[in-house]
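S.K.: Please read through the structure below; I'll follow up with questions.
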Amino acid sequence: MTKACELITVRTIQAVQYGPLLFLLLFHIFLCNVVRVDRWLKYSPILLIIIISC
1 MTKACELITV RTIQAVQYGP LLFLLLFHIF LCNVVRVDRW LKYSPILLII IISC
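One point on numbering: in UniProt numbering, the residue at position 12 of the sequence shown is 12, and numbering is uninterrupted.
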């Protein structure tokens, strides 16, 4: 239980550290490609799941 909590804490810290950079990167890609909003909304949950599961 403690091990899992430690892991979650570490992941949360990593997410907080890298989250803004990742968001900026994704936003930059989004703007460069001018992806349609509905497509972006369709794929963003998948990206979120990938980020969380890493």
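Where a beta carbon is used, it is the ideal one built from N, C-alpha and C, also for glycine.
Out of curiosity, what's the CA-to-CA distance linking Ile50 and Val10?
M.R.: The residue you call residue 50 lines up with position 50 of the sequence shown. The residue you call residue 10 lines up with position 10 of the sequence shown. Each residue's Cα considered, the two are about 17 Å apart.
S.K.: May I have the straight-line CA-CA distance separating Leu24 from Lys3, to the nearest angstrom?
M.R.: Taking the first residue of the sequence shown as position 1, residue 24 is located at position 24. Taking the first residue of the sequence shown as position 1, residue 3 is located at position 3. If you take the alpha carbons of Leu24 and Lys3, they lie about 32 Å apart.
S.K.: Please report the distance separating the alpha-carbon of Gln14 from that of Ile8.
M.R.: For the purposes of this step, residue 14 is identified with residue 14 of the sequence shown, where counting begins at 1. For the purposes of this step, residue 8 is identified with residue 8 of the sequence shown, where counting begins at 1. Taking the straight line from one Cα to the other gives about 10 Å.
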